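Colleague:
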Amino acid sequence: MAEMWIHMGPQHPMTHGLWNLRIKVNGETITDAVPELGYLHRSVEKIGERRKYFMNTTLTDRLCYASAMTWTHCYCLAAEELMGVVAPPRAQYIRTAVLELQRIASHLMWLGAYLPDLGLITGFLYGMRDREMFLNLLEIPSGGRLLYNYVKIGGVKRDLPPGFEAKAERVMQTLERRLKEYENLYDNSKIFRMRNDGVGVYSASDAINWGITGPNLRSAGVPFDLRQADSYDAYPELDFEPVTNTAAGGGSDCFSRYRQRVDEMHQSMDLVRQALAKMPEGRVMADSVPLRASGEAFRRTEDSRGEALMYLVGDGSDRPYRWKIRSPMFTTVSAAPHFLKGYKVADVPAIMGSIDMCIGETDK
Amino acid sequence: METGQLVQQLTQHDGASDGSVLRSNVGRISITREASHSFFSTLKNDFGFDHCSLISAVDNQTGFELVYHFSIVDAAGQMLEVHIDLPRDTPTVDSITHLWGGADWHEREAYDLMGIYFIGHPDLKRVLLPDGFAGHPLRKDYVYEIHEEEW
Amino acid sequence: MSRQQVRGNPRMRKGLGSRTSDPATMMEDPPSGDWLTLRSDQFLNWVDDAVYNIAEKTGIRDVVNRVTRPIFNWGLRYSPWPLHLGIMCCALEMGAAGGPDHDSERMGVVYRSSPRQCDILIVNGPVCEKLRPKLKTLYEQMADPKWVIAMGECAIGGGPYWDSYSVVAGADTFMPVDVYIPGCPVRPEALMHGFLTLQKKIREKEPGYFLRR
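Chains as they are written, first to last, in the working numbering: chain Y, 882 to 1245; chain H, 403 to 553; chain R, 68 to 280.
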């Protein structure tokens, strides 16, 4: 049978953003794939060189809009490293708590986007309903619904208001109750299992070689979590172990990636509780934050989607000389042709949905 | 292996210099362009750096500087920062895609935005910008028009 | 004339979209004056002209329009189907507006994935140079009557990326925009207000003709 190329994108319900997947098919079987990016290339790295250090948090918030807090936090950590500033202990604990709340919101967004890909519209409604609770929770200290600008160089913008712990606890209890319901619903659904089990398989060694990080790597059974391996903020003082999952035949498949994110939501709720319980009193902003910096520094953090790394070079002025962003999805998408080969066209939404695409950070 | 010990051992390699320790688990080293090929093979095969985090290209006006971040996928999370200086008129370096598959698109991005040529890369073409784009926008001498409106 | 030439512009088969919309470059016109040799689209035009002229001359058109105008206008107002196209941050708020908390479906807003089935193009993010031709194609693929909503600062004027080398300074530089919704990002409530504003605009500006010309 003759082979042919099919374009999926830039406007396609599968893409969750703007990118183009060209697949070469033989009948229904994929024989080659070429992802094409750049439809959302906003040149953040270039225009960041025209802005002052503290102004760039506006851009980092908009890097990955599903997980704005973690990206701004990564930038602030790198800038703090460059300037030699350390955030006060209370700010570090607040950061840890809001980062984990953001991670839950991001994973719920993924759940709400992934299940309609498989034809389960109910999943979208459930995911969006529960995500709203966390957005409202994050709106309390920051004032923003989606983009917060809450983490600042040298601390956080303002202290948590009184009563935040009780509200967070109530929201998390609701989510725990509902997650149990969803797990029963999805794990036992035959249609869900048939579309997920053994689809999009890659092994742990391949994933490491291709540069896949984060939940996509841990779902292959590799306990690599930067919150523990390259620890930052209050994470060293919290008690947790990286959660992992593996597919039935080893490696990672769509189902283990789904399980991984659900398990991480449970873990994040545990971390939020620990951080809120151990939170010390004190200031939330460092005494003085310099405007100018020189030298070079980088920090990497565990984003909701994998390893985020920001590399900053300063030349003594108040603007960064060079600012480089490592996006976890950029490398994961580059590996997509490897784990798409051999599957059917109908599996593409399941596979590409399960790796949690976010084009904002990928195209920078 | 201790980071200090690691940097010391790596400094023994041909063309390596400026070994230092940035943080408890992060080392830094400079390497010449000619020695980079064998240095990276050693790094991957003998020292177990199995993850290429990032390749950043910096335009230093007089020349280019490539900054590689490598790490080990384990609980210690050791990292190494490798610097390579490139002359401005011939910004070429050997590709590392045969060692780390994840370096593929990072090299393409460095070519796309900064104009660094990676010799031996299987598919070196633009990744973010459209094909017909002129120039490499992240270079400091790239000039473009800003639509600034008077208020 | 060989068959190859009648097949016309080879670009069309490469899928270059809007560049082939001019029928003169696609196919040579058959000799004029002979309606038996008309191509299908020419035949439809011919029939349209005939029906329109008769309806106009006899006054039937005015009568029919007066009767059906409120019905068509009502139908247009309460079924504004936007295209399911997510560009950036505002796309998530668009999703939230369609979610259970805000539920924009009660206003008849149903997201469709094919531009052929849509009335509204929501530009919910910055338009980059690489995206601009594709967005233009999407707009041209939509059937009339159609409207464009510029959602958020990026689509209105570039937003935080105003000095970028790759972002177009607003969606209205290359396509007509009907409703502008400010905000960065736009809250779901503001998007709902934008839909209501569009409804108002349709009520006032779009009579809903039975036979449009």
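Glycine is no exception: its CB is placed at the ideal position from the N, C-alpha and C atoms. Note that this is a predicted model, so its numbers are computed, not measured.
Report the start-end ranges of each alpha helix (DSSP H) in the stretch 208-261 of chain R that is 4 residues or longer and not cut off at the edges.
Modeller: Listed in chain order, the complete alpha helix (DSSP H) runs (minimum 4 residues) inside the stretch 208-261 of chain R are 220-224.
Colleague: Which residues in chain R sit within 8 angstroms of Tyr-546/H, going by Cβ to Cβ distance?
Modeller: Tyr-232
Colleague: Report yes or no: is there a C-beta of chain H within less than 7 angstroms of the C-beta of Lys-197/R?
Modeller: yes
Colleague: Is Ser-443/H helix, strand or coil by DSSP?
Modeller: helix
Colleague: Would you check if the distance between the CB atom of Leu-1107/Y and the CB atom of Glu-1188/Y is smaller than 7 angstroms?
Modeller: In contact: Leu-1107/Y and Glu-1188/Y (Cβ atoms closer than 7 angstroms).
Colleague: Buried or exposed: where does Val-118/R fall if 16 or more other Cβ atoms within 10 Å of its Cβ makes it buried?
Modeller: exposed
Colleague: Between which residues of its own chain and Ala-459/H is the CB-CB distance below 7 angstroms, once the five residues before and five after are set aside?
Modeller: Close CB contacts of Ala-459/H within its chain, under the 7 angstroms cut and outside five residues either way in sequence, are with Phe-466, Leu-468, Ala-512, Met-516, Ile-518 (chain order).
Colleague: Residues of chain R with CB under 7 angstroms from Ser-924/Y, in chain order?
Modeller: Ser-231, Tyr-232, Ser-233
Colleague: In the DSSP assignment, what residue or residues form a beta bridge with Thr-264/R?
Modeller: Beta-bridge partners assigned by DSSP to Thr-264/R: none are found.
Colleague: Note the first and the last residue of the continuous beta strand (DSSP E) segment covering Tyr-519/H.
Modeller: For Tyr-519/H, the enclosing beta strand (DSSP E) has its first and last residue at 519-521.
Colleague: Give, in chain order, every residue of the stretch 478-505 of chain H whose Cβ lies closer than 7 angstroms to some Cβ of chain Y.
Modeller: Ala-478, Gly-479, Trp-502, Gly-503, Gly-504
Colleague: According to DSSP, is Tyr-995/Y part of a helix, a strand, or is it coil?
Modeller: helix
Colleague: Should Leu-1172/Y be labelled buried (16 or more other beta-carbon atoms within 10 Å of its own) or exposed?
Modeller: Its Cβ having fewer than 16 others within 10 Å, Leu-1172/Y is exposed.
Colleague: Under 9 angstroms Cβ-Cβ, which residues of chain Y neighbour Pro-15/R?
Modeller: Residue 15/R falls outside the range modelled here, since chain R spans only 68 to 280, and no answer is possible.
Colleague: Am I right that Gly-1092/Y and Gly-504/H are in contact with their C-beta atoms under 8 angstroms? What's the rounded C-beta distance?
Modeller: 2 angstroms
Colleague: Select from Gly-417/H, Thr-413/H, Thr-492/H the residue whose C-alpha is nearest the C-alpha of Gly-429/H.
Modeller: Thr-413/H
Colleague: Around the Cβ of Gln-407/H, are there at least 16 other Cβ atoms within 10 angstroms (buried) or fewer (exposed)?
Modeller: exposed
Colleague: Quick one: which residues of the stretch 1091-1113 of chain Y get their C-beta closer than 9 angstroms to a C-beta of chain H? List them in chain order.
Modeller: Trp-1091, Gly-1092, Ile-1093, Thr-1094, Leu-1098, Val-1103, Pro-1104, Phe-1105, Asp-1106, Leu-1107, Gln-1109, Ala-1110, Asp-1111, Ser-1112
Colleague: Run down chain R in chain order and give the residues with a C-beta less than 7 angstroms from the C-beta of Pro-539/H.
Modeller: Tyr-232
Colleague: Where Thr-977/Y and Asn-1065/Y are concerned, what is the direct C-alpha to C-alpha distance, given to the nearest angstrom?
Modeller: 30 angstroms
Colleague: Out of Val-1165/Y, Ala-883/Y, Leu-902/Y, point me to the one whose CA is closest to Gln-892/Y's CA.
Modeller: Leu-902/Y
Colleague: Flag Leu-258/R as yes if its beta-carbon sits less than 7 angstroms from any beta-carbon of chain Y, otherwise no.
Modeller: no
Colleague: Straight-line CA distance for Val-1153/Y to Val-1124/Y?
Modeller: 16 angstroms
Colleague: Work out the CA separation of His-471/H and Ser-146/R for me, nearest whole Å.
Modeller: 53 angstroms
Colleague: Give me, in chain order, the residues of the same chain whose beta-carbon lies closer than 6 angstroms to that of Leu-899/Y; leave out the 5 immediate sequence neighbours on both sides.
Modeller: Pro-891, Tyr-920, Leu-921, Ile-1240
Colleague: Taking the alpha carbon of Arg-1257/Y as the point to measure from, which residue in Ala-1174/Y, Tyr-1192/Y, His-1219/Y has its own alpha carbon closest?
Modeller: With chain Y covering 882 to 1245 only, the question about residue 1257/Y has no answer from this structure.
Colleague: Can you tell me which residues form a DSSP beta bridge with Phe-1105/Y?
Modeller: BP columns for Phe-1105/Y are empty, so no partner.
Colleague: Can you give me the start and stop residues for the beta strand (DSSP E) that Ala-1178/Y sits inside?
Modeller: Annotation for Ala-1178/Y: the continuous beta strand (DSSP E) segment containing it runs 1175-1183.
Colleague: Determine, using beta-carbon pairs with one atom in the stretch 996-1011 of chain Y and one in the stretch 1180-1196 of chain Y, whether at least three such pairs fall under 8 angstroms.
Modeller: Contact between the stretch 996-1011 of chain Y and the stretch 1180-1196 of chain Y is absent, because fewer than three Cβ pairs lie under 8 angstroms.
Colleague: Quick check on Val-409/H - is its C-beta less than 7 angstroms from some C-beta in chain Y?
Modeller: Chain Y contact via Cβ: absent.
Colleague: Let me know the secondary structure DSSP gives Arg-80/R once reduced to three states.
Modeller: Residue confidence is low: Arg-80/R scores 40 on pLDDT, short of 50, so the model does not pin down where it sits. Its coordinate-derived value is still stated next. Of the three classes helix, strand and coil, the one that applies to Arg-80/R here is helix, per DSSP.
Colleague: Given that a residue counts as buried once 16 or more other Cβ atoms are within 10 Å of its Cβ, and exposed if not, what is Trp-1204/Y?
Modeller: Label assigned to Trp-1204/Y: buried.
Colleague: How would you list, in chain order, the residues of chain Y whose beta-carbon sits under 7 angstroms from the beta-carbon of Cys-156/R?
Modeller: Arg-943, Tyr-946, Leu-1027, Leu-1028
Colleague: Contact criterion: CB-CB distance below 7 angstroms. Does Asp-452/H meet it with respect to chain Y?
Modeller: By this cut-off, Asp-452/H is an interface position.
Colleague: I need the straight-line Cα distance from Ile-121/R to Val-1229/Y, nearest angstrom please.
Modeller: 53 angstroms
Colleague: What residues of chain Y sit near Ser-171/R, judged by a beta carbon separation below 9 angstroms?
Modeller: Ordered by position in chain Y, no residue passes the 9 angstroms Cβ test against Ser-171/R, which lies about 12 angstroms from the chain.
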